[in-house]
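Peer 1: Quick note on the numbering used here: the sequence shown kicks off at 80 and runs consecutively.
We treat Cβ as the ideally placed atom computed from N, Cα and C, and that holds for glycine.
It should be emphasised that the depicted structure is a prediction, and the values quoted were computed from it without experimental measurement.
Sharing a structure, written as structure tokens. Questions coming.
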Amino acid sequence: MSISLETVLNRGFITWTKNLKISLPFILSTIIIGIAWVAYAVIIAVSMIPALSQTSQLSFGPQMNQEEFMELLSMISPYIVPLVISLIIMWIITLLIQAFFTTGAIGMSKDAAINGRTSFEEMINSGKKHFFNYFLLQIIYYLITLAGVVFVLPGILQINNFTDPESILPALPALLVGIGLWIIYSIIVTLVLSLTYYALVVDTLGPVNALKTGYRFFFNNKGSVVVLWLVIIAIVVALNVMGGIFTPFETLSVLWSFISTIISVVVVPAVITIWWTILYMGNTGWEIHDSESGDTLDE
Numbered sequence: 080m081s082i083s084l085e086t087v088l089n090r091g092f093i094t095w096t097k098n099l100k101i102s103l104p105f106i107l108s109t110i111i112i113g114i115a116w117v118a119y120a121v122i123i124a125v126s127m128i129p130a131l132s133q134t135s136q137l138s139f140g141p142q143m144n145q146e147e148f149m150e151l152l153s154m155i156s157p158y159i160v161p162l163v164i165s166l167i168i169m170w171i172i173t174l175l176i177q178a179f180f181t182t183g184a185i186g187m188s189k190d191a192a193i194n195g196r197t198s199f200e201e202m203i204n205s206g207k208k209h210f211f212n213y214f215l216l217q218i219i220y221y222l223i224t225l226a227g228v229v230f231v232l233p234g235i236l237q238i239n240n241f242t243d244p245e246s247i248l249p250a251l252p253a254l255l256v257g258i259g260l261w262i263i264y265s266i267i268v269t270l271v272l273s274l275t276y277y278a279l280v281v282d283t284l285g286p287v288n289a290l291k292t293g294y295r296f297f298f299n300n301k302g303s304v305v306v307l308w309l310v311i312i313a314i315v316v317a318l319n320v321m322g323g324i325f326t327p328f329e330t331l332s333v334l335w336s337f338i339s340t341i342i343s344v345v346v347v348p349a350v351i352t353i354w355w356t357i358l359y360m361g362n363t364g365w366e367i368h369d370s371e372s373g374d375t376l377d378e
């Protein structure tokens with residue numbers, strides 16, 4: 080039997096209130112990634128000081144002539160390749176950190192969904208067990224999304240000279256349509272593959288099998304997946320709207336900024352992860368713990 084979306088939402092939130100520690104992976108991930116990027120920015124800034132110190136004699140803005148521009152380019156060109164490589168490395172490190180803590184959170188959600196309680200040990204065990212497959216699945220997902228570039232290619236191929244604005248203008252309609260189709264394609268991919276990450280952790284699957292399982296799950300449970308996705312979008316939009324309402328009031332705006340940051344990091348990711356986990360488990364034969372009665376029910 081399938082689990083109703085109302086049950087998923089209700090039981091998921093109650094499960095979080097009884098297992099607040101499920102928020103920890105998202106807090107740690109945000110802090111560690113933030114520290115890593117700050118350290119990276121400092122290292123890059125220090126490394127480029129010799130080049131930046133030589134630009135003090137140059138004129139920036141509209142008054143910069145071609146000779147000064149070429150001089151600036153020659154100063155920074157030795158740093159371009161190392162900068163690109165370091166950015167790619169940092170991106171990979173970020174994905175690995177996210178993979179570890181996200182799989183840890185899904186593992187904790189699975190544990191709480193079955194037993195009613197979970198532990199920090201489950202976060203570590205699940206993170207170590209699944210993070211690399213999760214990382215590979217992320218790469219596959221990005222490649223599938225990137226395939227949507229084919230929608231933009233017709234517009235790009237119409238441009239003869241990328242440095243000439245008059246050459247770009249005739250291709251602009253095709254480019255805009257292509258970008259619009261790419262966005263729609265990306266949304267569809269996100270919806271169809273939204274449960275793949277949960278299948279990977281809950282059922283201990285490899286990246287390819289997780290894709291197949293998530294794909295099948297979506298088409299067997301389209302209504303629940305789409306509605307839950309819309310609920311999540313509504314929550315995000317509501318948080319942004321509240322921020323807009325408080326913007327004219329300086330004190331309230333600062334206070335809401337702090338509150339919304341806490342909600343966005345501590346509450347929303349954890350609750351959403353539990354919702355998706357329970358939705359997947361409740362529709363694939365797993366027994367879900369009833370957080371209200373304390374019983375384990377097979378929906």
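Answer with buried or exposed for Ala278, where buried requires no fewer than 16 other C-beta atoms within 10 angstroms of its C-beta.
Peer 2: Ala278 should be labelled buried.
Peer 1: I'd like to know if the region 292–300 and the region 265–280 are in contact, where contact means that at least 3 CB-CB pairs between them fall below 8 Å.
Peer 2: The region 292–300, when compared against the region 265–280, does touch it at the 8 Å Cβ threshold.
Peer 1: In this structure, does DSSP put Ile238 in helix, strand or coil?
Peer 2: Note: Ile238 maps to coil in three-state DSSP.
Peer 1: By the DSSP assignment, the alpha helix (DSSP H) with Met321 in it spans what residues?
Peer 2: Residues 301–325.
Peer 1: Taking Leu216 and Pro286 to be in contact with their CB atoms under 8 Å, please state how far apart those CB atoms are, rounded to whole angstroms.
Peer 2: Right, their Cβ atoms sit about 4 Å apart.
Peer 1: Between which two residues does the alpha helix (DSSP H) carrying Phe105 extend?
Peer 2: 103–126 is the span of the alpha helix (DSSP H), which, as asked, contains Phe105.
Peer 1: For chain C, check one thing: does any of its Cβ atoms lie closer than 8 Å to the Cβ of Phe180?
Peer 2: Among the protein chains of the structure shown there is no chain C, as only one such chain exists.
Peer 1: If distances are taken between C-alpha atoms only, which option among Val305, Gly361, Ile312 comes closest to Val87?
Peer 2: Considering only alpha carbons, the answer is Gly361.
Peer 1: For the alpha helix (DSSP H) that Glu329 lies in, which residues bound it at each end?
Peer 2: Taken as a continuous stretch (DSSP letters only), the alpha helix (DSSP H) holding Glu329 covers 329–341.
Peer 1: What separation, rounded to the nearest whole angstrom, lies between the Cα atoms of Pro249 and Gln237?
Peer 2: Whole-angstrom Cα-Cα distance: 8 Å.
Peer 1: If you run the structure through DSSP and keep just helix, strand and coil, what is Ile367?
Peer 2: Correct three-state label for Ile367: strand.
Peer 1: Just reading off the alpha helix (DSSP H) that Pro252 is part of, what are its end residues?
Peer 2: That run of the alpha helix (DSSP H) goes 251–271.
Peer 1: Could you check if Ala120 is buried or exposed, using at least 16 other CB atoms within 10 Å of its CB as the buried criterion?
Peer 2: Burial call: exposed.
Peer 1: Taking the beta carbon of Tyr276 as the centre, do at least 16 other beta carbons fall within 10 Å, making it buried, or is it exposed?
Peer 2: Tyr276 should be labelled buried.
Peer 1: Measure the alpha-carbon distance for Lys100 versus Thr197 and round it to whole angstroms.
Peer 2: Approximately 8 Å between the Cα atoms of the pair.
Peer 1: Should Thr283 be labelled buried (16 or more other beta-carbon atoms within 10 Å of its own) or exposed?
Peer 2: The residue in question, Thr283, is exposed, as its Cβ has fewer than 16 Cβ neighbours within 10 Å.
Peer 1: Measuring alpha carbon to alpha carbon, tell me which residue in Lys189, Ser81, Val125, Tyr359 is nearest Gly293.
Peer 2: Comparing Cα-Cα distances from Gly293 to each of Lys189, Ser81, Val125, Tyr359, the minimum goes to Tyr359.
Peer 1: What's the C-alpha gap between Leu107 and Gly113?
Peer 2: Whole-angstrom Cα-Cα distance: 10 Å.
Peer 1: Is the beta carbon of Gly323 sitting closer than 8 Å to the one on Ser339?
Peer 2: No; because the gap between Cβ atoms is not below 8 Å, this pair is not in contact.
Peer 1: So, is Val306 buried or exposed, given that buried needs 16 or more other C-beta atoms within 10 angstroms?
Peer 2: Per the 10 Å Cβ criterion, exposed.
Peer 1: How many Å lie between Val256 and Val231 at the Cα?
Peer 2: When rounded, the distance between both Cα atoms is 8 Å.
Peer 1: If you draw a straight line from the alpha carbon of Ser32 to that of Ser81, how long is it in whole angstroms?
Peer 2: In the structure as shown, the chain starts at 80 and stops at 378, and residue 32 therefore has no counterpart that could be examined.
Peer 1: Per DSSP, what kind of secondary structure is Ser153 in: helix, strand or coil?
Peer 2: Reduced to three states, the DSSP call for Ser153 is helix.
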